[in-house]
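Top to bottom, those sequences are chains E and L. Residues in the first sequence are numbered consecutively from 200, following our numbering. Residues in the second sequence are numbered consecutively from 200, following our numbering. We treat Cβ as the ideally placed atom computed from N, Cα and C, and that holds for glycine.
Protein chains: 2
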Amino acid sequence: MVNEQIGPGVPYRTEGGKVSGDRRVRRTRRLIQEALVALILEKGYDAVTVTDIIERADVGRSTFYAHFTDKQDVLFSNIEQLTFLHPAPGGGGPGELFAFSRPMFEHVGEQERLVRALMGRRSGGLVHARGEQLLAAVVRNELVAAGAGESAALDLLVTCVVGAFMGLLRARIEGETTASPAELDAAFRAAVLPGVRAALKP
Amino acid sequence: MVNEQIGPGVPYRTEGGKVSGDRRVRRTRRLIQEALVALILEKGYDAVTVTDIIERADVGRSTFYAHFTDKQDVLFSNIEQLTFLHPAPGGGGPGELFAFSRPMFEHVGEQERLVRALMGRRSGGLVHARGEQLLAAVVRNELVAAGAGESAALDLLVTCVVGAFMGLLRARIEGETTASPAELDAAFRAAVLPGVRAALKP
DNA sequence: TCATAACCGAACACCTTGTCCGGTAACCGA
DNA sequence: TCGGTTACCGGACAAGGTGTTCGGTTATGA
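Below you can see the structure in the form of structure tokens.
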């Protein structure tokens, strides 16, 4: 269920990040995506039905199924728009550990509405899981580059770091805190860096 | 949706942790709960229908709705059986920070099946959210008792600690790691204690 | 033993899903 | 501007899930 590949079978699917040439296709896809985002914020992902979406988007039922296989397909199609998940490579220099943190917290603020819909509790946690996965890879690479040995202990450490970060991210998204991006970044570093440094020492 | 109170309206609901006196009631409730757990492990929470549950439990449809309002109601009714969420008060002595950690990881191992069904990714994350909430209260109390001032920064720290712990817990539940309870406990402490101690110092 | 309360099971109205198809309208390229 | 292509419409459809009702049956605890 988590690892479902969304293969073909849907006529107008565009591969990769490419945008369809036909204006009608772009328009329809955009309307459907926006409708889902709006509805999630109103009712929560689980409560939204396909019928809701096509009514809000003012699109025919058959049209919907010509573009997407189901509700979840629409949800995932929005991920590529989450800019904070694709941060700049950081410059390559290992000058600072976890350089992704600050920019991410800032991007989240800019895309508040979209992020809240896709990654908040109301989204059903599907996109959240994907975000954790992507972040874990980033963190792991950074730690290895900083001299950590590839061990089982490293994976556990990565899990902790990612868990802490995603916790803060969710708190921000859910409005449980009013802290600024700078404060969130500082809290994240203060919490995990001491432990990480100690693990990198010996 | 998250904060839905499951008020009355269901005839045979037992209040609090009390057990019904009638053997038929106990039997029926148990059969339904066990059926849901088994089905979650097979298909994932979202894919399970009420029809599935009553067939597996071999219980009449009207009987089901006499005891539970819906699928989610059954899910939540299982929480009280998760012993690791109700750890011994720790003896009161502030001898050791986060004393809950080790026993929790051990209890999880003992209740593998139930925990995996209720708190794994296949459960839809509903119980997971509740667990985070309970744990946050515990962590916050410990930190305050250890001398932390009640500030916004404290809440952020609590969020990080809980996130790290729940990350490890989920990794264990999902089978992403084969680490023993002792190793998980050690990894948790190594990751967060340095940061926590630094925050408690000044 | 017996009154009570729980269970059965069948039927129900309603909603959601995913598919199909002929007709209509918009698009893009020539 | 024109014309072939392509997308959209919209209505209908079967299948399956939900939650409720009600009269009859059976187990329970006193």
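Contact note: L/F387 reaches chain E through L355, C359, using a C-beta cutoff of 9 Å and chain order.
The alpha-carbon of L/A234 is positioned some 6 Å away from that of L/R255. Contact of L/G366 with chain E by beta-carbon distance below 7 Å involves T358, C359, V361, G362. L/E311: member of the alpha helix (DSSP H) spanning 311-318, first to last residue.
Within chain L, A389, A390, V391, L392, P393, G394 have C-beta atoms less than 8 Å from the C-beta of E/G394, given in sequence order.
DSSP, read as helix, strand or coil, puts L/K400 in coil. At least one CB atom of chain E sits nearer than 7 Å to the CB of L/A370. Contact of L/G348 with chain E by beta-carbon distance below 8 Å is absent, the smallest such distance being about 14 Å. Residue contact with chain L for E/A335: absent (no Cβ-Cβ distance below 7 Å to any residue of chain L).
Straight-line measurement puts the Cα of L/K270 at about 41 Å from the Cα of E/N340. For L/N340, the uninterrupted alpha helix (DSSP H) segment begins and ends at 325-344. Contact annotation for L/A398 against chain E: A389, A390 [CB-CB distance below 8 Å, chain order].
Per DSSP, the unbroken alpha helix (DSSP H) holding E/D354 starts and ends at 351-372. Taking a Cβ-Cβ cut-off of 7 Å, the neighbours of E/A352 in chain L comprise A386, given in sequence order. L/H266 sits buried, since 16 or more C-beta atoms from the chains shown fall within 10 Å of its C-beta. The residues V218, S219, in chain order, have a CB closer than 7 Å to that of L/R225 in the same chain once the five nearest residues on each side in sequence are set aside. Collapsing the DSSP output to three states places L/H266 in a helix. Within the model, the alpha-carbon separation for L/V391 versus L/A385 is close to 10 Å.
A residue is called buried once 16 or more other Cβ atoms fall within 10 Å of its Cβ, and L/H285, having fewer, is exposed. Using a 10 angstroms sphere on the CB of E/R222, the tally of other CB atoms stays under 16, which defines it as exposed. The beta carbon of L/T282 sits closer than 6 Å to those of H306, all from its chain and outside the five residues before and after it, given in chain order. Nearest in C-alpha terms to L/V273, of all of L/V209, L/R371, L/R388, is L/V209. Residue burial annotation: E/S322 is buried, with at least 16 other C-beta atoms found within 10 angstroms of its C-beta. Here E/A316 has V236, I239, L240, S322 as same chain residues with Cβ atoms under 7 Å from its own Cβ, once five neighbours each way along the sequence are excluded. DSSP, read as helix, strand or coil, puts L/P210 in coil.
Put simply, the segment 343-355 of chain E does not touch the segment 349-356 of chain L. Fewer than three CB pairs are less than 8 Å apart.
Using a CB distance below 8 Å, the part of the segment 231-263 of chain L facing chain E consists of G243, D245, A246, ordered along the chain.
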